[in-house]
Amino acid sequence: MKLVSEFRQHGLADGLVRSIRQHAQKPARFMEFCGGHTVSIMKSGLRQLLPPSLTLTSGPGCPVCVTDNTDLDKAIALASLPDVMVASFGDMMRVPGSRSSLQEAKAAGADVRVVYSPLDALSLAKENPDKSVIFLGIGFETTAPTVAASILQAVEMELKNYYVLSLHKLCPPVIKVLLDSGEVNLQGLICPGHVSAVIGSSPWEFIARDYGIPCVVSGFEPLDILQCIDMLARQMADGEARVEIAYRRGVTREGNQTAIGIMEKVFAPASARWRGFGEVAASGLKLRPEFARLDAEANFDFNPGPTATPKGCLCGEVLRGVKSPGDCTLFRHVCTPEKPAGPCMVSAEGTCAAYYHYGEKDVR
Amino acid sequence: MLAHGSGGKLAHDIIRNSFVSSLSNPVLAQLDDSAVIEAGGRLAFTTDSYVVQPIFFPGGDIGKLAVCGTINDLTMVGATPLYLSLAFIIEEGLPLNDLKKVVSSIKEAAKEAGVTVITGDTKVVNRGTADKLFINTAGIGTVPAGLNVSGHNARPGDRLILSGTVGDHGIAVLSQREGVNFATELNSDCAPLNGLVVEMLNTSDNIHCLRDPTRGGLATTLNEIAEQSSVSLRIDEDKIPVREEVASACEMLGLDPLYVANEGKLISAVAPEDAEKVLKQMKKHRYGRDAAIIGEVKEENPGRVVMKTGLGTTRIIDMLVGEPLPRIC
Chain U
1 MKLVSEFRQH GLADGLVRSI RQHAQKPARF MEFCGGHTVS IMKSGLRQLL
51 PPSLTLTSGP GCPVCVTDNT DLDKAIALAS LPDVMVASFG DMMRVPGSRS
101 SLQEAKAAGA DVRVVYSPLD ALSLAKENPD KSVIFLGIGF ETTAPTVAAS
151 ILQAVEMELK NYYVLSLHKL CPPVIKVLLD SGEVNLQGLI CPGHVSAVIG
201 SSPWEFIARD YGIPCVVSGF EPLDILQCID MLARQMADGE ARVEIAYRRG
251 VTREGNQTAI GIMEKVFAPA SARWRGFGEV AASGLKLRPE FARLDAEANF
301 DFNPGPTATP KGCLCGEVLR GVKSPGDCTL FRHVCTPEKP AGPCMVSAEG
351 TCAAYYHYGE KDVR
Chain B
365 MLAHGSGGKL AHDIIRNSFV SSLSNPVLAQ LDDSAVIEAG GRLAFTTDSY
415 VVQPIFFPGG DIGKLAVCGT INDLTMVGAT PLYLSLAFII EEGLPLNDLK
465 KVVSSIKEAA KEAGVTVITG DTKVVNRGTA DKLFINTAGI GTVPAGLNVS
515 GHNARPGDRL ILSGTVGDHG IAVLSQREGV NFATELNSDC APLNGLVVEM
565 LNTSDNIHCL RDPTRGGLAT TLNEIAEQSS VSLRIDEDKI PVREEVASAC
615 EMLGLDPLYV ANEGKLISAV APEDAEKVLK QMKKHRYGRD AAIIGEVKEE
665 NPGRVVMKTG LGTTRIIDML VGEPLPRIC
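The following block contains the structure:
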């Protein structure tokens, strides 16, 4: 199977677009929860194919973006400690905290390494026994199981210098907060694909049941997303609301029980701070007490300093789906990918970055 | 910061603000791949530094890269590359065998391209102050009288011809980098392009512009051409050759093949009446087998690059911003 090109054929797209036009006649707003979906939508120019009645709104599904400045400041403060090496996924490097970013901290002498997997951070810990290696655990249910696996492996290897700063976040609780706020009126939810590959589609069922909103789990290719939008439009036309999976090649109703098991063994749900949402109960993951020795937050003495957010930055509102990047006065002028004011302009999955690179300018 | 070296927007800013503004002269201000000067005949002169990590990668090493990169810069102004200088900055502790391997591939690449290394320098620095091996080069070539190939010369109506698949070099190097290590059969496309360009220039007098899309990828080079020539470029996603392995690796890492580095590809703006015959000639050459016309030059909205996507929609192609960093989820 060709992994990429088969999902980008226009013959198939035309049929889906016709069906969407037929079924989405009433004005409707669908939210793509996931930043990966936003990027794919913008990059493929998919919105140009949709009928004017249909609006797509980006949601909070970008782990880098929803990381609050208080947590970013912690990571930067940890990185600036002597004999500490911080290992992070690449897209955290440029995100501005209250005063600095990991990249700036690195330029100023902090030891910050980009890794592609927490298991690489384990190797760094093994190779650098005189340093404390702290992995920045940022991500959703997609990422948390591999971080949990690295913790189990560190215990098994008796590594004494590996730590995790767990800033992981869980998706269903924040969607509930978003819907309860009543700020956005949604007729359909494009549910995250990678997150659902781990947790399954069943955690979204409350949305269809309690809020009457059609939900479809989508893959990330433009055709996946068109198919998902078509399925949402059909549910809407039929006056139904249920959870469907358009991403059958990756997602089941039950999810990946092994991954869930590892995650639950190491982490327990805890309250977490989300950019744009504030404190959300049981929406984060903390290391369980038996793994406290590996918890960076509990084992280092560090001072993240007072939190500040840049004046005028609308990242929080963009993440809640109530504002669009174009509504932000900083967008494109003050805030650019080279000099980002907020995280949504930095991350590969950030809504503002996607709009900056791929949209909002007349391309005809 | 590292991103200042990415070949994208920050790199442009540093070039314009820190170098061109202070050292300004009409030759430097051209900002082409090589400077063309009059010195008893027209000479092309270029310099470059190579800091690739790892120094050995599938399909090449830092030595081959240094020779090919310098030759290609000369070639992109239509010059015949003649002489190279090489300066080595060696980190203490580099195994002698590694150095021998690098020198042997320098010899091979120089032989293939028909250039001579006529001067050089070696410095060894303390461990930790360089990463294994850095190579700085300079290259000199002659430019035939009357030939004027430049990033400034793309004209409305010109066809854009790409010499082959994009992203091979960047993904091949990335696949070997510590922490990524995915298995791939992919080789870097690192190659000297002077032979291909000779064939092209022999076929047509209407080759207006040649550029090699290295760091920053095809997207960044297209933006440079659009800006230098004050034109817009329209390209067609379906026409751009991308290997399935490169597309898949990019998908996995959250990268875009249009922004991934190449070391043996060129993009050319050719007058419409000659485009087909140039393409046909390119396809006969070993480094142009997958060549394709990927778009054309337009007059309106100067500076802009627009792509028709596989879905039939359109979008803007921007310059690379910052170092491309693989994503989280």
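Protein chains in written order, with this note's numbering: chain U, 1 to 364; chain B, 365 to 693.
We put the CB at the ideal spot given by N, CA and C, even for glycine.
Remember, predicted model here, so these are calculated numbers, not experimental data.
Which residues in the same chain as residue i place their Cβ atom closer than 6 Å to its Cβ, once the five residues preceding and following it in sequence are excluded?
{"i": "V112 (chain U)", "result": "A79, V86, L102, K106"}
{"i": "I20 (chain U)", "result": "I229, D230, A233"}
{"i": "K74 (chain U)", "result": "P304"}
{"i": "Q235 (chain U)", "result": "P214"}
{"i": "A259 (chain U)", "result": "P145, V198"}
{"i": "A110 (chain U)", "result": "A79, S80"}
For a quick check, are the C-beta atoms of residue i and residue j less than 8 Å apart?
{"i": "S398 (chain B)", "j": "A518 (chain B)", "result": "no"}
{"i": "I571 (chain B)", "j": "L524 (chain B)", "result": "no"}
{"i": "T501 (chain B)", "j": "L557 (chain B)", "result": "no"}
{"i": "V466 (chain B)", "j": "L511 (chain B)", "result": "no"}
{"i": "D682 (chain B)", "j": "K629 (chain B)", "result": "no"}
{"i": "T506 (chain B)", "j": "L574 (chain B)", "result": "no"}
{"i": "T439 (chain B)", "j": "V530 (chain B)", "result": "no"}
{"i": "C62 (chain U)", "j": "G350 (chain U)", "result": "yes"}
{"i": "A28 (chain U)", "j": "L54 (chain U)", "result": "yes"}
{"i": "V322 (chain U)", "j": "C352 (chain U)", "result": "no"}
{"i": "I435 (chain B)", "j": "P445 (chain B)", "result": "yes"}
{"i": "A237 (chain U)", "j": "A208 (chain U)", "result": "no"}
{"i": "A13 (chain U)", "j": "L223 (chain U)", "result": "yes"}
{"i": "S632 (chain B)", "j": "M564 (chain B)", "result": "yes"}
Within a Cβ cutoff of 8 Å, which residues of the same chain sit near residue i, ignoring the five residues on either side of it in sequence?
{"i": "L294 (chain U)", "result": "I151, A154, V155, Y162, Y163, V164, L287"}
{"i": "G262 (chain U)", "result": "Residue identity check: residue 262 (chain U) is Ile in the sequence provided, not Gly. Correct list, in chain order: P145, A148, A149, L152."}
{"i": "N69 (chain U)", "result": "G97, S98, R275, T307, A308, T309"}
{"i": "G492 (chain B)", "result": "E455"}
{"i": "D462 (chain B)", "result": "I419, F420, K496, L497"}
{"i": "V251 (chain U)", "result": "G193, S196, A197, G200, S201, V217, I245"}
{"i": "E297 (chain U)", "result": "K74, L165, S166"}
DSSP three-state label for residue i, please.
{"i": "A353 (chain U)", "result": "helix"}
{"i": "C693 (chain B)", "result": "Confidence in C693 (chain B) is poor, its pLDDT being 47 and thus under 50, which makes the residue's placement unreliable; the coordinate value appears in the next sentence. In the structure shown, C693 (chain B) sits in coil (DSSP, three-state: anything other than H, G, I, E or B)."}
{"i": "V384 (chain B)", "result": "helix"}
{"i": "Y163 (chain U)", "result": "strand"}
{"i": "R113 (chain U)", "result": "strand"}
{"i": "Y447 (chain B)", "result": "strand"}
{"i": "M671 (chain B)", "result": "strand"}
{"i": "P605 (chain B)", "result": "coil"}
{"i": "C215 (chain U)", "result": "strand"}
{"i": "R18 (chain U)", "result": "helix"}
{"i": "H533 (chain B)", "result": "helix"}
{"i": "M231 (chain U)", "result": "helix"}
{"i": "T337 (chain B)", "result": "For chain B, the structure presents residues 365 to 693; residue 337 (chain B) sits outside this window and is missing."}
{"i": "D180 (chain U)", "result": "helix"}
{"i": "N665 (chain B)", "result": "coil"}
{"i": "F267 (chain U)", "result": "strand"}
{"i": "I138 (chain U)", "result": "coil"}
{"i": "I681 (chain B)", "result": "coil"}
{"i": "R248 (chain U)", "result": "coil"}
{"i": "H23 (chain U)", "result": "helix"}
{"i": "D238 (chain U)", "result": "coil"}
{"i": "L597 (chain B)", "result": "strand"}
{"i": "A208 (chain U)", "result": "helix"}
{"i": "E455 (chain B)", "result": "strand"}
Go through its chain and collect everything with a Cβ distance to residue i's Cβ below 7 Å, but skip five positions before and after it.
{"i": "K647 (chain B)", "result": "R653, A655"}
{"i": "S552 (chain B)", "result": "F421, P422, G423, G424, D532, H533, A536, V537, E627"}
{"i": "G139 (chain U)", "result": "P63, H168"}
Contact list for the region 622-633 of chain B against chain U, Cβ threshold 8 Å
When C-beta distances to chain U are compared with 8 Å, every residue of the region 622-633 of chain B stays at or above that value.
Curious, which full-length alpha helix (DSSP H) runs of at least 4 residues does the region 319-344 of chain U contain?
Fully enclosed alpha helix (DSSP H) runs of 4 or longer: not present.
Sequence ranges, beta strand (DSSP E) only - wholly within the region 402-428 of chain B, length at least 3:
For the beta strand (DSSP E) assignment, the uninterrupted runs of no fewer than 3 residues enclosed by the region 402-428 of chain B are, from N- to C-terminal side, 406-414.
Of all the residues that make up the region 32-49 of chain U, which are near chain B by a beta-carbon distance shorter than 9 Å?
Only C34, G35, G36, V39, M42, K43, S44, G45, L46, R47, Q48, L49 from the region 32-49 of chain U bring a Cβ to less than 9 Å from some Cβ of chain B.
Please list, in chain order, the residues of the region 318-350 of chain U that have any C-beta partner in chain B closer than 7 Å.
Result list: P337, E338, A348, E349.
Along the chain, which unbroken stretches of the alpha helix (DSSP H) at least 4 residues long are found entirely within the region 628-663 of chain B?
Within the region 628-663 of chain B, the runs of alpha helix (DSSP H) at least 4 residues long that lie entirely inside it are, in chain order, 636-648.
Interfacial residues, the region 657-683 of chain B to chain U, with Cβ spacing under 7 Å
Among the residues of the region 657-683 of chain B, those with a Cβ less than 7 Å away from any Cβ of chain U are V670, T673, G674, L675, G676, T677, T678, R679, I680, D682, in the order of the chain.
In chain order, what are the residue ranges of uninterrupted beta strand (DSSP E) at least 3 long that sit wholly in the region 469-528 of chain B?
Segments of the beta strand (DSSP E) lying fully in the region 469-528 of chain B: 480-489, 497-506, 523-526.
By the 7 Å beta-carbon criterion, what residues does the region 189-213 of chain U contribute toward chain B?
For the region 189-213 of chain U, the set of residues with a beta-carbon nearer than 7 Å to any beta-carbon of chain B comprises H194, in chain order.
Run through the region 27-70 of chain U for me and flag every whole beta strand (DSSP E) of 3 or more residues, listed as ranges in chain order.
Runs of the beta strand (DSSP E) inside the region 27-70 of chain U: 28-34, 54-61.
Against chain B: residues of the region 213-227 of chain U by CB proximity under 7 Å
Within the region 213-227 of chain U, the residues whose Cβ lies closer than 7 Å to some Cβ of chain B are P222, listed in chain order.
Taking any Cβ of chain U, which residues in the region 492-525 of chain B have a Cβ under 8 Å from it, in chain order?
So the list is empty, because no residue satisfies the distance condition.
Any residues in the region 224-255 of chain U with a beta carbon nearer than 7 Å to a beta carbon of chain C? Which ones, in chain order?
Looking at the structure shown, chain C is missing, and the protein chains on hand are U and B.
At a Cβ cut of 7 Å, what residues of the region 415-438 of chain B count as close to chain U, listed as they run along the chain?
Cβ contacts with chain U: none found.
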